[in-house]
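**Q** Handing you this structure, nothing more for now.
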DNA sequence: CATCCATATAAAAGGTTGTTTATATAAATA
DNA sequence: TATTTATATAAACAACCTTTTATATGGATG
């Protein structure tokens, strides 16, 4: 696939408010669909749809545990890249130049996608 | 503005194939609209439209020189961030793992947006 | 095996965005 | 000032994407 086309798909995947919210929630720890629905207050089908888009485009991966399906960030460096954009555009508004990161947990994450003990 | 909303706008701005093509062309050296039209083979109004979107969202800035308007990357680190995404998703296809960068000129660029001598 | 819970899928509606076509502005020049 | 060149703007249309509503799948448990 064309380099430009690949980049376009990545950015398109990240260009949705709700998907970014899902990523930010998941980046702390892998989560089941139900947990994401509760956290984001979006409808279950809508969350499922966005999760599919994120998975199909290489942002997330899944792991089944009984009836639950856990989603997690495929490569934690994706969070670094998102953080980089946030840093670059932090001062595009005059006010609010707090240095809050997109995902506060990303620095201490081990960057090798180890999964925690199973949660229900 | 909401952090997530700001990120969403950045990614939305970058999620268009033609806009990425324009950025890649401009990143070598600032260019007039006519030069971009020639290089991308897009219509002039379409190029003008995309340039406006890129400018309004903080990717590009402009400089007038007579009847010509030159567009250039506001902050060269934006190219680094785009390159980072390209690196991260380089191996999502099996074949083609060449290490071509989004913008080949970005490493030696001075990162302070100095403009070259005027071109017609 | 029937029921319940968790998640996925499909179809339809609505809004947003990219593109084209046509026209306007603005600077330079004769 | 009339004309040419460079760029911007506006309106209209089509295509795409998000969201909702409704339904299906699939595992667990009684």
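Residue numbers (the numbering used here), protein chains in the order written: chain A, 567 to 686; chain E, 567 to 686. The beta-carbon is built from N, C-alpha and C at its ideal position, and this holds for glycine as well.
(1) Just to confirm, are residue 587 of chain E and residue 655 of chain A a CB contact at a threshold of 8 Å?
(2) Considering only the alpha carbon of each residue, which of A:667, A:644, A:594 lies closest to residue 620 of chain A?
(3) For residue 580 of chain E, go through chain A and note every residue whose CB falls closer than 7 Å to its CB, in chain order.
(4) Closer than 7 Å by C-beta to residue 608 of chain E: which residues in its own chain qualify, once you throw out the five before and the five after it? Chain order, please.
(5) Can you confirm whether residue 610 of chain E, when its beta carbon is compared against all beta carbons of chain A, has any partner nearer than 8 Å?
(6) Let me know the secondary structure DSSP gives residue 581 of chain E once reduced to three states.
(7) Would you identify the three-state DSSP class for residue 621 of chain A, choosing helix, strand or coil?
(8) Which complete alpha helix (DSSP H) runs does the segment 586-648 of chain E hold, if anything under 4 residues is left out?
(9) Would you mind working out which of A:636, A:572, A:569, A:631 sits nearest residue 593 of chain A, comparing C-alpha positions?
(10) For residue 571 of chain A, does the count of other Cβ atoms within 10 angstroms reach 16, so buried, or fall short, so exposed?
(11) Could you list the residues in the segment 637-655 of chain E with a C-beta less than 8 Å from some C-beta on chain A, going in chain order?
(12) Thinking C-beta only, is residue 573 of chain A closer than 8 Å to residue 634 of chain E?
(13) Could you list which residues in chain E have their beta carbon closer than 7 Å to that of residue 600 of chain A, in chain order?
(14) Mapping DSSP to helix, strand and coil, what is residue 656 of chain E?
(15) Compare the C-beta of residue 668 of chain E with all C-beta atoms of chain A and state if any pair is closer than 8 Å.
(16) Can you find a C-beta in chain E that's less than 8 Å from the C-beta of residue 621 of chain A?
(17) Which term fits residue 612 of chain E, buried or exposed, when burial requires 16 or more other beta carbons within 10 angstroms of its beta carbon?
**A** Per the coordinate set shown:
(1) The residue you call residue 587 of chain E lines up with position 21 of the second chain. The residue you call residue 655 of chain A lines up with position 89 of the first chain. No, the Cβ-Cβ distance between residue 587 of chain E and residue 655 of chain A is not below 8 Å.
(2) The residue labelled residue 620 of chain A in the question sits at position 54 within the first chain. Closest by C-alpha distance to residue 620 of chain A, out of A:667, A:644, A:594, is A:644.
(3) Here residue 580 of chain E corresponds to residue number 14 of the second chain, with the count starting at 1. Within chain A, 577 have C-beta atoms less than 7 Å from the C-beta of residue 580 of chain E, given in sequence order.
(4) For the purposes of this step, residue 608 of chain E is identified with residue 42 of the second chain, where counting begins at 1. The residues 584, in chain order, have a CB closer than 7 Å to that of residue 608 of chain E in the same chain once the five nearest residues on each side in sequence are set aside.
(5) Sequence index remark: in the second chain, residue 610 of chain E carries index 44 (1-based). The beta carbon of residue 610 of chain E does not come within 8 Å of any beta carbon belonging to chain A, so the residue lies off that interface.
(6) Walking along the second chain from the start, residue 581 of chain E turns up at place 15. In this structure, DSSP gives residue 581 of chain E a state outside helix and strand, which the three-state scheme calls coil.
(7) Here residue 621 of chain A is taken as the residue at index 55 of the first chain, counted from 1. Correct three-state label for residue 621 of chain A: helix.
(8) List check, alpha helix (DSSP H) in window: 599-606, 610-622.
(9) As a working note, residue 593 of chain A is residue 27 in the first chain. Cα-wise, what sits closest to residue 593 of chain A is A:636.
(10) Within the first chain, residue 571 of chain A is the residue found at index 5, counting from 1. Result: exposed.
(11) Taking 8 Å as the cut-off between beta carbons, the residues of the segment 637-655 of chain E near chain A are 641, 643, 644, 646, 647, 648, 650, 651, 652, 654, 655, in sequence order.
(12) Counting from 1 along the second chain, the entry for residue 634 of chain E is found at position 68. Counting from 1 along the first chain, the entry for residue 573 of chain A is found at position 7. No, the Cβ-Cβ distance between residue 634 of chain E and residue 573 of chain A is not below 8 Å.
(13) Here residue 600 of chain A corresponds to residue number 34 of the first chain, with the count starting at 1. Neighbours of residue 600 of chain A on chain E: none; closest Cβ ~22 Å, over 7 Å.
(14) On the second chain, position 90 is the one that residue 656 of chain E refers to. The answer is helix: DSSP assigns residue 656 of chain E an H, G or I state.
(15) Counting from one through the second chain, the residue named residue 668 of chain E turns up at place 102. The C-beta of residue 668 of chain E comes closer than 8 Å to at least one C-beta of chain A.
(16) Here residue 621 of chain A refers to the residue found at position 55 when the first chain is read from its first residue. Not one chain E Cβ lies under 8 Å of residue 621 of chain A.
(17) Walking along the second chain from the start, residue 612 of chain E turns up at place 46. When all chains shown are included, residue 612 of chain E counts as exposed.
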